[in-house]
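Chemist:
Residue numbers (our numbering): 586 to 893.
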């Protein structure tokens, strides 16, 4: 085993990406689709349903496991992420604005504009912080390096820029004790850790939590379980990988029959099901023939459960 000191954090790297895995799981198809980019998986406890966005097709989806039904809502611009508000309303990041959306009557209310640099950028992944603020990142339409940012959006519409120089902001989650925040800029290949102040939303860089071996893909959206382990979907990695963010140790892997896992969320009655979104983006016709379920949603029962 090779021990690497990276940005002040000790990381443990085995000779291969598989010799450290403690648990292996396999995901099963939940909902078949051919989405270009599904993302932002979210379990909505009040509705007992799974939400996700199909960014390129400008849609928000809701799957209700108890009824085995799927609903969707269409928009006039790409959808970056969704977070819950009330039983009937959600907060959505569209290309250049944050809106409140009523799922029953389709009423939209603009909360805040987001700078898109004259149409060059769009909103990407986002999450609600422990303090009830929406954190959301931006990315250029052609994934230009270093032009994106990450923002904190307050309920009153005030927007503050937290990070800049990003390519594809993604993966925001917070530790159970609210002391740390995790974030990744997709092409970087690693997940950063920040000290987090729950009162002020201020963050201080605290080094690299996880380095992703190149042979397992690049990190996308992230979720966290009650033990503070990070579950990281990896583009090109055929699944979701679970790491201890304090040691960098790879703990588990959930295999998915599609190359590009994009986001994941714990949900279900006991928060013991990991829901996984996937993408067809960048796949060739040959790839799609070999992995026809790309762009679909998958699920896997897992012993460690999600945050309470």
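A virtual CB, placed ideally from N, CA and C, is assigned to each residue, including glycine.
Determine the direct distance from the alpha carbon of residue 826 to that of residue 887, and round the result to whole angstroms.
Modeler: Each residue's Cα considered, the two are about 13 angstroms apart.
Chemist: If you follow the alpha helix (DSSP H) that residue 898 is in, where does it begin and where does it stop?
Modeler: Outside the shown range of the chain, which is 586 to 893, sits residue 898, and nothing can be said about it.
Chemist: Only counting the same chain, and skipping five residues up and downstream in sequence, which positions put a Cβ closer than 6 angstroms to that of residue 737?
Modeler: These residues qualify, in order along the chain: 718, 720, 745, 747, 786.
Chemist: Around the Cβ of residue 620, are there at least 16 other Cβ atoms within 10 angstroms (buried) or fewer (exposed)?
Modeler: Looking at its Cβ environment, which holds 16 or more other Cβ atoms inside 10 Å, residue 620 is buried.
Chemist: Among the candidates 795, 762, 848, whose CA atom is the shortest distance from the CA of residue 812?
Modeler: For the residues 795, 762, 848, the minimum Cα distance to residue 812 belongs to 762.
Chemist: Would residue 690 be called buried (16 or more neighbouring beta carbons within 10 Å of its own) or exposed?
Modeler: That one is exposed.
Chemist: If you compare alpha carbons, which of 769, 742, 741 is closest to residue 749?
Modeler: It is 769.
Chemist: Do the CB positions of residue 836 and residue 607 come within less than 7 angstroms of each other?
Modeler: Yes, these two residues count as a Cβ contact at 7 angstroms.
Chemist: Let's test the definition: count the other Cβ atoms within 10 Å of the Cβ of residue 767 and tell me whether it reaches 16, buried, or not, exposed.
Modeler: Its Cβ being crowded by 16 or more others within 10 Å, residue 767 is buried.
Chemist: With DSSP run on the structure shown, which of helix, strand or coil describes residue 801?
Modeler: DSSP places residue 801 in helix when its eight states are reduced to three.
Chemist: Do you know offhand how far residue 617's Cα is from residue 682's?
Modeler: Spanning the two alpha carbons is a distance of roughly 30 angstroms.
Chemist: Could you check what DSSP says for residue 795 in three-state terms: helix, strand or coil?
Modeler: DSSP places residue 795 in strand when its eight states are reduced to three.
Chemist: Quick one: grab the DSSP three-state call for residue 772.
Modeler: Note: residue 772 maps to helix in three-state DSSP.
Chemist: Does residue 551 come out as helix, strand or coil in the three-state DSSP assignment?
Modeler: Residue 551 lies beyond the residue range present for the chain, which begins at 586 and ends at 893; the question has no answer from this structure.
Chemist: Please state the DSSP three-state secondary structure of residue 824.
Modeler: Strand, per DSSP.
Chemist: Would you mind stating whether residue 806 and residue 856 have Cβ atoms separated by less than 7 angstroms?
Modeler: No, Cβ-Cβ distance for residue 806 and residue 856 is not below 7 angstroms.
Chemist: Would you report the Cα separation of residue 818 and residue 862, rounded to the nearest angstrom?
Modeler: Straight-line Cα distance between these residues: approximately 9 angstroms.
Chemist: Using 10 angstroms around the beta-carbon of residue 790, count the other beta-carbons present and answer buried if the total reaches 16, otherwise exposed.
Modeler: Per the 10 Å Cβ criterion, exposed.
Chemist: Looking at the strands, I want to know which residues DSSP matches up with residue 881.
Modeler: Note: residue 881 sits in no beta bridge, so no partner.
Chemist: Evaluate residue 838 with the Cβ neighbour count: other Cβ atoms within 10 Å of its Cβ, from every protein chain shown; 16 or more gives buried, anything less gives exposed.
Modeler: So residue 838 counts as buried.
Chemist: Which of the three DSSP states is assigned to residue 718 in this structure?
Modeler: Coil at residue 718, not helix or strand.
Chemist: Helix, strand or coil, according to DSSP, for residue 760 in the structure here?
Modeler: If DSSP states are grouped into helix, strand and coil, residue 760 belongs with coil.
Chemist: Using 7 angstroms as the threshold, is the C-beta distance between residue 922 and residue 753 below it?
Modeler: Since the first residue shown for the chain is 586 and the last is 893, residue 922 is missing from the structure and cannot be characterised.
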